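What follows is a set of notes on a single structure, which appears directly below.
Residue numbers (our numbering): -17 to 79.
Structure representation (structure tokens):
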């Protein structure tokens, strides 16, 4: 079992190197953001594998936090690409009653 987990860690590490290449090279900004999201998912997989290897549940919170942060980052970037701003303030429809 330990050998299988170590092999999986090596495979995920190699995948992370390929993903890191895409983060650095691009070619476009959306490609880099998707690669960053994939890098976060790979990091979560690596932490989960270490957790199984060490036979502990203490890393589950870290995995969940990384998942939420990756989701929020990708969502914020998608909104920025769509509307040009993450937080919108509509000055024309704002009235003081």
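For glycine and all other residues, C-beta sits at the position ideal for the given N, C-alpha and C.
Quick caveat: nothing in here was measured; it's all calculated off a predicted structure.
When you compare each of the options to residue i by their alpha carbons, which one comes out closest?
i: residue -16; options: -1, 16, 35 and 63; result: 35
i: residue 64; options: 17, -1 and 12; result: 12
i: residue 4; options: -8, 18 and -7; result: 18
Give every residue of the same chain whose Cβ lies closer than 8 Å to the Cβ of residue i, excluding the five residues on either side of it in the sequence, and list them in chain order.
i: residue -5; result: 28
i: residue 53; result: none
i: residue 51; result: 22
Quick one: measure Cβ to Cβ for residue i and residue j, integer angstroms, because I've assumed they're closer than 8 Å.
i: residue 59; j: residue 15; result: 5 Å
Just to confirm, are residue i and residue j a CB contact at a threshold of 8 Å?
i: residue 49; j: residue 26; result: yes
i: residue 1; j: residue -14; result: no
i: residue -3; j: residue 31; result: no
At what residues does the alpha helix (DSSP H) containing residue i begin and finish?
i: residue 39; result: First-last for residue 39: undefined, no H or E at that position.
i: residue 92; result: Lying outside -17 to 79, the shown extent of the chain, residue 92 is not represented and no answer is given.
Leaving aside the five residues before and after residue i along the sequence, list all residues of the same chain whose C-beta is less than 6 Å from its C-beta, in chain order.
i: residue 33; result: 41
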